[in-house]
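I have placed the structure first, in the form of structure tokens, so that the comments after it can refer back to it.
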Amino acid sequence: MHIHRLEKLWLVFGISMLAVFLTVVGVGAFALGMEPPGGHRHTVDPEKLSTTAPFDKPGLQRLGNGEYEANIIAFAFGYKPDVIEIPLGAKVNFNITSSDVVHGFQVVNTTINMMVVPGEVNHLAYTFTEPGEYLVICNEYCGAAHEVMMMKLIVK
Amino acid sequence: MDNLPKPFDRRDSALILAHILFAFFALFLGGVAGLLQGLVRGGANALPFGIGYYQLLTAHGVLMALVFTTYFIIGFLYSGVARTLGTLLGLPRRLGWLGFGLMTTGTLWATVLILLNKATVLYTFYAPLKASPWFYVALVFVVVGSWMSGFGIFMQYRYWKVLHPGQTTPLFTFMAVVTMAMWLIATLGVAIEVLFQLIPWSFGWVETVNVVLSRTLFWYFGHPLVYFWLLPAYMCWYVVIPKVIGGRLFSDALARLSFLMFLLFSIPVGFHHQLMEPGISNVWKFVQVVLTFMVVIPSLMTAFSLFATFEMHGRSLGAKGLFGWLRKLPWKDVRFFAPFMGMLLFIPAGAGGLINASHELNAIVHNTLWVTGHFHLTVATSVALTFFGITYWLIPALTGRTLTPRMHRLGIAQTVIWLVGMLFMSGSMHTVGLLGSPRRTSFTTYQDHPDAVLWMPYHVAMAVGGTILFVGVLLMLFNIVTLLRAPKGRPEEFPIAEVSDAAEKAPALFERWGVWVGILVVLILVAYTIPVMDMLNHPGVGAKGFKTW
Numbered sequence: 724m725h726i727h728r729l730e731k732l733w734l735v736f737g738i739s740m741l742a743v744f745l746t747v748v749g750v751g752a753f754a755l756g757m758e759p760p761g762g763h764r765h766t767v768d769p770e771k772l773s774t775t776a777p778f779d780k781p782g783l784q785r786l787g788n789g790e791y792e793a794n795i796i797a798f799a800f801g802y803k804p805d806v807i808e809i810p811l812g813a814k815v816n817f818n819i820t821s822s823d824v825v826h827g828f829q830v831v832n833t834t835i836n837m838m839v840v841p842g843e844v845n846h847l848a849y850t851f852t853e854p855g856e857y858l859v860i861c862n863e864y865c866g867a868a869h870e871v872m873m874m875k876l877i878v879k
Numbered sequence: 011m012d013n014l015p016k017p018f019d020r021r022d023s024a025l026i027l028a029h030i031l032f033a034f035f036a037l038f039l040g041g042v043a044g045l046l047q048g049l050v051r052g053g054a055n056a057l058p059f060g061i062g063y064y065q066l067l068t069a070h071g072v073l074m075a076l077v078f079t080t081y082f083i084i085g086f087l088y089s090g091v092a093r094t095l096g097t098l099l100g101l102p103r104r105l106g107w108l109g110f111g112l113m114t115t116g117t118l119w120a121t122v123l124i125l126l127n128k129a130t131v132l133y134t135f136y137a138p139l140k141a142s143p144w145f146y147v148a149l150v151f152v153v154v155g156s157w158m159s160g161f162g163i164f165m166q167y168r169y170w171k172v173l174h175p176g177q178t179t180p181l182f183t184f185m186a187v188v189t190m191a192m193w194l195i196a197t198l199g200v201a202i203e204v205l206f207q208l209i210p211w212s213f214g215w216v217e218t219v220n221v222v223l224s225r226t227l228f229w230y231f232g233h234p235l236v237y238f239w240l241l242p243a244y245m246c247w248y249v250v251i252p253k254v255i256g257g258r259l260f261s262d263a264l265a266r267l268s269f270l271m272f273l274l275f276s277i278p279v280g281f282h283h284q285l286m287e288p289g290i291s292n293v294w295k296f297v298q299v300v301l302t303f304m305v306v307i308p309s310l311m312t313a314f315s316l317f318a319t320f321e322m323h324g325r326s327l328g329a330k331g332l333f334g335w336l337r338k339l340p341w342k343d344v345r346f347f348a349p350f351m352g353m354l355l356f357i358p359a360g361a362g363g364l365i366n367a368s369h370e371l372n373a374i375v376h377n378t379l380w381v382t383g384h385f386h387l388t389v390a391t392s393v394a395l396t397f398f399g400i401t402y403w404l405i406p407a408l409t410g411r412t413l414t415p416r417m418h419r420l421g422i423a424q425t426v427i428w429l430v431g432m433l434f435m436s437g438s439m440h441t442v443g444l445l446g447s448p449r450r451t452s453f454t455t456y457q458d459h460p461d462a463v464l465w466m467p468y469h470v471a472m473a474v475g476g477t478i479l480f481v482g483v484l485l486m487l488f489n490i491v492t493l494l495r496a497p498k499g500r501p502e503e504f505p506i507a508e509v510s511d512a513a514e515k516a517p518a519l520f521e522r523w524g525v526w527v528g529i530l531v532v533l534i535l536v537a538y539t540i541p542v543m544d545m546l547n548h549p550g551v552g553a554k555g556f557k558t559w
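Chains P and U supply the protein sequences, listed in that same order. One gets the numbering used here by counting positions in the first sequence from 1 and adding 723 to each. One gets the numbering used here by counting positions in the second sequence from 1 and adding 10 to each.
What follows is the structure, given as structure tokens:
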């Protein structure tokens, strides 16, 4: 099959760009640690969260070395707890799950964006370097009052 | 070839016209829902008759994304197959009507359940939101109906192959077969989800559902679904547009190769919709990101082929300079103008798609209005404008009427209105999505949080765009009614481009379907076997159903 010379050049350029882009994405994810959340199986019984660690004590726990753990339960239509205070510069490991339907956990003005699925725990680490009051919203439709589902992270 | 357009067999045109008109009926209903939604989100928060925002959202998604597109596509594919292979045989035509009947039963049933607020689960129906079991049964009717139409096309194709041994299938039919093959293989995922997970669970025969598995099966289908919308638009761009401008197809064999690549790389890629989800290893997510990006190759081939066609044609008319050929294109011909604008906007739309599908960039835009803006640029602009452009010649070709100069002007006005509406709506959606505003969410300021208050002007611009688009829907319907009453006479031709003299015959390998489906099955198994086995072997306790609306 004959391919026009200019089309060959065009495709070589396009495929090279593709290779460059995928290399950047791959190196970013696996070598520089910018992986998306959730690359694991961590199952949990959504009906027994009140007796299952770490969700029996929702909120911020200090781990030491400026590292914290934020354990959050999403439900229709809110989060438990609904406010978390975080010291500036802290690295926070988020553990989040749902007690009912699928929710979202998006912290506006950050790269924190997770799906919250019942029966599964989602994990993501994030370091807060800017003080302020961060708005957290549910970005996956979860029912009639989906638009009121929110919480706040206060970094100071 | 003969110069006079061939009239359609009356029985064929009835089948095709039924599909096209039902598609536009759905566009109208979906447009009403879209208009109301835009107004609510923009701040005018009073819906009549106690209708809920999310109910409208469900209706809008189902009617636009599933009903309008699927009916139009099946009608268009049948028309091209009938035009290039000859009048439909009895059995394929009956299968087409059977498909139409099943899909219409399912659609009307599902729409009634949505209006009764028994299925406000959006068109993605994510478990464990639990709709009425009859909603899922209705969806089965829609999918099985579309399969019947697919079988009809395959049957007509096989019959032609038997009668024409050794001949290359007409390009349109080849592409129709690829599109339907992809649809059949892709819908298996959603069929398994609905039949084996959602129906038993919603009727209460089993207590819980494996949510991660259900989402994986949904997205196994959900991404190819967008290519099912796109490939018929590509068919128009490859096969119809060169004829409309009076030129020839650049390369028949490369057009076929690009369709085969779309077939291979549109299915084993669903995980890129689940990048922010727990329960799937990042290595497997990345494998599917790589496979997703492979569609760049056939997309670039398509872009080259189309613009080469335009340039060759312009130069053959004596165009000078680097871009002189642009002026030789028939800008006042709606059959060219509407699909061309769709094609042009597919360039930013495709670039946005690469962002969505990126392993990490997705975190910025996931589930924000950016995504809504993206598919209003791809499906609701590129695909919809191409379908509108097709309608302007297809309806006259089916009914034996003439496309008058007045209709061309009305069509161009409709296209411009659509473009302006989308500029406002999709443009604001993209921008405000980057600022963090979520999709699929009713009017809210999150207790007047300053970040959310900043989003409001963009939401107002979206409402303005939505209103302009609704005017576009009304003008499109007016145009269709006018087309149906256009003067009889020399029927409009069904434009099928001939291939350029320099082009070579397509290799016979391209029609060895066993080879292509075989490669596809291998790719699917590579991309899905290990993560799906993990979901099956460590299912957790599962989720009970909830009705939260």
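Don't be surprised by glycine CBs; every beta carbon is placed ideally from N, CA and C. Computed from a prediction, not measured in an experiment: that's the story for all the values here.
Could you tell me whether any Cβ in chain P is nearer than 8 angstroms to the Cβ of N366/U? Taking the second sequence and counting its residues from 1, one reaches residue 366/U at position 356. Taking Cβ atoms only, chain P never reaches closer than 8 angstroms to N366/U, which makes this a no.
For W559/U, decide whether its Cβ has a neighbour in chain P, counting only Cβ atoms nearer than 8 angstroms. Reading the second sequence from its first residue, position 549 is the one you call residue 559/U. At least one chain P Cβ lies under 8 angstroms of W559/U.
Terminal residues of the beta strand (DSSP E) in which L274/U lies: Translated into the one-based positions of the second sequence, residue 274/U becomes position 264. Note, L274/U: premise wrong, no beta strand (DSSP E); alpha helix (DSSP H) at 262-276.
Quick one: is G475/U buried, meaning 16 or more other Cβ sit within 10 Å of its Cβ, or exposed? Residue numbering aside, residue 475/U sits at position 465 when the second sequence is read from its first letter. By the 10 Å Cβ count, G475/U comes out buried.
So, is R258/U buried or exposed, given that buried needs 16 or more other C-beta atoms within 10 angstroms? In the second sequence, residue 258/U corresponds to position 248, counting from 1. Result: buried.
Does the Cβ of P340/U lie closer than 7 angstroms to at least one heavy atom of the ligand ATP? Summarising the ligand content, the structure contains no ligands, and the ligand ATP is consequently not present.
Can at least three beta-carbon pairs, one atom from the region 246-264 of chain U and one from the region 310-320 of chain U, be found at a separation below 8 angstroms? yes
Local conformation of H846/P per DSSP, three classes: By 1-based counting over the first sequence, the position of residue 846/P is 123. Strand at H846/P.
Beta-carbon contacts of P517/U that lie in its chain and below 6 angstroms, excluding the five residues immediately before and after: Start at 1 with the first residue of the second sequence, and residue 517/U comes out as number 507. Around P517/U: no qualifying Cβ.
In whole angstroms, what separates the C-alpha of G160/U from that of M190/U? Here residue 160/U refers to the residue found at position 150 when the second sequence is read from its first residue. Here residue 190/U refers to the residue found at position 180 when the second sequence is read from its first residue. If I take the Cα positions, the gap works out to 6 angstroms.
Can the beta-carbon of E870/P be found closer than 8 angstroms to that of T451/U? If you number the first sequence from 1, residue 870/P lands on position 147. If you number the second sequence from 1, residue 451/U lands on position 441. In contact: E870/P and T451/U (Cβ atoms closer than 8 angstroms).
Specify whether the region 197-212 of chain U and the region 144-154 of chain U touch according to this definition: at least 3 beta carbon pairs, one from each stretch, less than 8 angstroms apart. Contact holds: three or more Cβ-Cβ distances are below 8 angstroms.
Pull up the DSSP beta-bridge partners for F828/P, would you. Position 105 of the first sequence, counting from 1, holds the residue named residue 828/P. Paired residues: M837/P.
Output, in chain order, the set of chain U residues within a Cβ distance shorter than 7 angstroms of E730/P. Reading the first sequence from its first residue, position 7 is the one you call residue 730/P. Simply F314.
Could you work out which residue in F272/U, Q177/U, L112/U, Q166/U is closest to V147/U when comparing CA atoms only? One-based indexing of the second sequence puts residue 147/U at position 137. Ranking F272/U, Q177/U, L112/U, Q166/U by Cα distance to V147/U puts L112/U first.
I want to verify the contact list: residues of chain P whose CB lies under 9 angstroms from the CB of E217/U, in sequence order. In the second sequence, the residue the question calls residue 217/U occupies position 207. Here the premise fails: no neighbours, minimum Cβ distance about 11 angstroms.
For the pair the region 112-131 of chain U and the region 216-227 of chain U, tell me if three or more CB-CB distances fall below 8 angstroms. no
Please list, in chain order, the residues of the region 495-526 of chain U that have any C-beta partner in chain P closer than 7 angstroms. E514, P517
Looking at chain P, is there any beta carbon in it that lies within less than 8 angstroms of the beta carbon of E203/U? Residue numbering aside, residue 203/U sits at position 193 when the second sequence is read from its first letter. No, its Cβ sits nowhere closer than 8 angstroms to a Cβ of chain P.
Going by the beta-carbon positions, is the gap between E514/U and M724/P smaller than 8 angstroms? As a working note, residue 514/U is residue 504 in the second sequence. As a working note, residue 724/P is residue 1 in the first sequence. Yes; because the gap between Cβ atoms is below 8 angstroms, this pair is in contact.
Output the boundary residues of the beta strand (DSSP E) element that contains A36/U. Here residue 36/U is taken as the residue at index 26 of the second sequence, counted from 1. Run containing A36/U: none in the beta strand (DSSP E); it sits in the alpha helix (DSSP H), 20-51.
Consider the Cβ of A265/U: report whether some Cβ of chain P lies at a distance smaller than 8 angstroms. Position 255 of the second sequence holds residue 265/U. The Cβ of A265/U sits no closer than 8 angstroms to any Cβ of chain P.
To the nearest angstrom, report how far apart L208/U and S142/U are at their CA atoms. As a working note, residue 208/U is residue 198 in the second sequence. As a working note, residue 142/U is residue 132 in the second sequence. Approximately 10 angstroms between the Cα atoms of the pair.
Whole-angstrom distance between R764/P and G550/U, CA atom to CA atom: Residue 550/U sits at position 540 when you count from the first residue of the second sequence. Residue 764/P sits at position 41 when you count from the first residue of the first sequence. Going by the C-alpha atoms only, they are around 9 angstroms apart.
Looking at chain U, which residues of the region 752-767 of chain P have a Cβ within less than 8 angstroms of any of its Cβ atoms? A752, F753, M757, E758, P759, P760, G761, G762, H763, R764, H765, T766, V767
Interface partners of T834/P on chain U, CB under 7 angstroms: The count along the first sequence starts at 1 and reaches residue 834/P at position 111. Under the 7 angstroms cutoff, chain U gives A373, I374.
Can you tell me which of T117/U, G328/U, M271/U, K557/U puts its alpha carbon nearest to the alpha carbon of V525/U? Residue numbering aside, residue 525/U sits at position 515 when the second sequence is read from its first letter. The option with the nearest alpha carbon to V525/U is M271/U.
Identify whether F798/P lies in helix, strand or coil by the three-state DSSP scheme. Start at 1 with the first residue of the first sequence, and residue 798/P comes out as number 75. The answer is strand: DSSP assigns F798/P an E or B state.
Report all residues from its chain with a CB closer than 7 angstroms to the CB of W465/U; omit the five preceding and five following residues, and keep chain order. In the second sequence, the residue the question calls residue 465/U occupies position 455. Correct list, in chain order: V442, L445, S447.
Would you kindly report the start and end of the unbroken beta strand (DSSP E) that includes V806/P? Here the question's residue 806/P lines up with position 83 in the first sequence. Per DSSP, V806/P belongs to the beta strand (DSSP E) from 806-809.
Which same chain residues, not among the five before or five after M874/P, have their C-beta less than 6 angstroms away from its C-beta? Along the first sequence, one-based indexing puts residue 874/P at 151. Excluding positions up to five away in sequence, the list reads Y802, D805, V859.
Contacts around D12/U, its chain only, beta-carbon distance under 7 angstroms, and the 5 residues preceding and following it disregarded: The sequence position of residue 12/U within the second sequence is 2, counting from 1. Note that D12/U has pLDDT 48, beneath the 50 cutoff, so the model's placement of it is unreliable and no number is given.
Is it true that the CB of G812/P sits closer than 8 angstroms to the CB of N794/P? Numbered from 1 along the first sequence, position 71 holds the residue referred to as residue 794/P. Numbered from 1 along the first sequence, position 89 holds the residue referred to as residue 812/P. Contact: no.
Alpha-carbon to alpha-carbon, D22/U and L101/U: Counted from its first residue, the second sequence places residue 101/U at position 91. Counted from its first residue, the second sequence places residue 22/U at position 12. Cα to Cα, the separation comes out at about 12 angstroms.
Runs of alpha helix (DSSP H) lying entirely within the region 65-135 of chain U, each at least 4 residues, in chain order: 79-95, 100-125
Assuming contact is defined by CB atoms lying nearer than 8 angstroms, are G289/U and G232/U in contact in what I supplied? Start at 1 with the first residue of the second sequence, and residue 289/U comes out as number 279. Start at 1 with the first residue of the second sequence, and residue 232/U comes out as number 222. Cβ atoms of G289/U and G232/U: not closer than 8 angstroms.
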